[in-house]
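*Asks:* All letters in the sequence shown, in the order written, are residues 1 to 155 by UniProt numbering.
A virtual CB, placed ideally from N, CA and C, is assigned to each residue, including glycine.
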Amino acid sequence: MRPESPQFQPRDPGYAERVRASFALQQAMSLIGAELPVVEPGYTEIHLPFKPEISQQHGFIHGGVVGMIADSAAGYAANTLTPADTSVLTVEYKLNLVAPADGERLVARGEVVKPGRTLIITKAEVFAIRDGKWTLCALMQQTIMAMHGKKERAA
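As structure tokens, then:
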């Protein structure tokens, strides 16, 4: 987490394990090769290595894939602050693609802006990394719905 980020207290002491278990259920993330190496209160990172199967006609990682990892990074950031019996679902998001996703890998950083009992406002930044240089390629703002008592399940 960046030093200027707000400090949040999770309501579930087992939040990190719960979030990682939920991420493991996301077959779409597995399909594209995404990983969740950072899980902190109100903050997560998803890392995605380049592979040709997720590229578009110019050789960049497809914008839809950029949106996928931004959505999941921010959604899981929200999930770190929910009670143990709660899952989350995206209500809406707005994504700005500000540069091509042209890198050896992408890093999506999801962060909670304003936690709430039912609605959680989040943001995400996605960076393309090539030869050690980080280029911002997308910004996202999102609204998440906390679904109390809603269990997750594998497809």
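Whose C-beta lies closer than 8 Å to the C-beta of histidine 62 among residues of the same chain, with five residues either side of it excluded?
*Replies:* Within the sequence shown, residue 62 is the residue found at index 62, counting from 1. Ile54, Ser55, Gln56 and Ala101.
*Asks:* Which first and last residues belong to the beta strand (DSSP E) in which residue 190 is found?
*Replies:* Absent from the model: residue 190. The displayed extent of the chain is 1 to 155, so no value can be given.
*Asks:* Could you give the first and the last residue of the continuous beta strand (DSSP E) run that contains glutamine 27?
*Replies:* Sequence index remark: in the sequence shown, residue 27 carries index 27 (1-based). Per DSSP, glutamine 27 belongs to no beta strand (DSSP E); it is in the alpha helix (DSSP H), 27–32.
*Asks:* Identify, in the order they occur along the chain, each residue of the same chain with its Cβ nearer than 6 Å to the Cβ of alanine 154, setting aside the five sequence neighbours on each side.
*Replies:* As a position in the sequence shown, residue 154 is number 154, starting the count at 1. So the list reads Leu25, once near-sequence residues are dropped.
*Asks:* Could you name the residues of the same chain whose beta carbon sits closer than 7 Å to that of methionine 29, not counting the 5 residues immediately before and after it, in chain order?
*Replies:* Here residue 29 refers to the residue found at position 29 when the sequence shown is read from its first residue. Same-chain partners within the cutoff: Phe23 and Ser72.
*Asks:* Using three-state DSSP, classify phenylalanine 23 as helix, strand or coil.
*Replies:* Position 23 of the sequence shown, counted from the start, is the residue given in the question as residue 23. In the structure shown, phenylalanine 23 sits in a helix (DSSP, three-state: H, G or I).
*Asks:* Among Val66, Arg117, Thr90 and Asp131, which one has its Cα closest to the Cα of glutamate 125?
*Replies:* Position 125 of the sequence shown holds residue 125. The shortest Cα separation from glutamate 125 among Val66, Arg117, Thr90 and Asp131 belongs to Val66.
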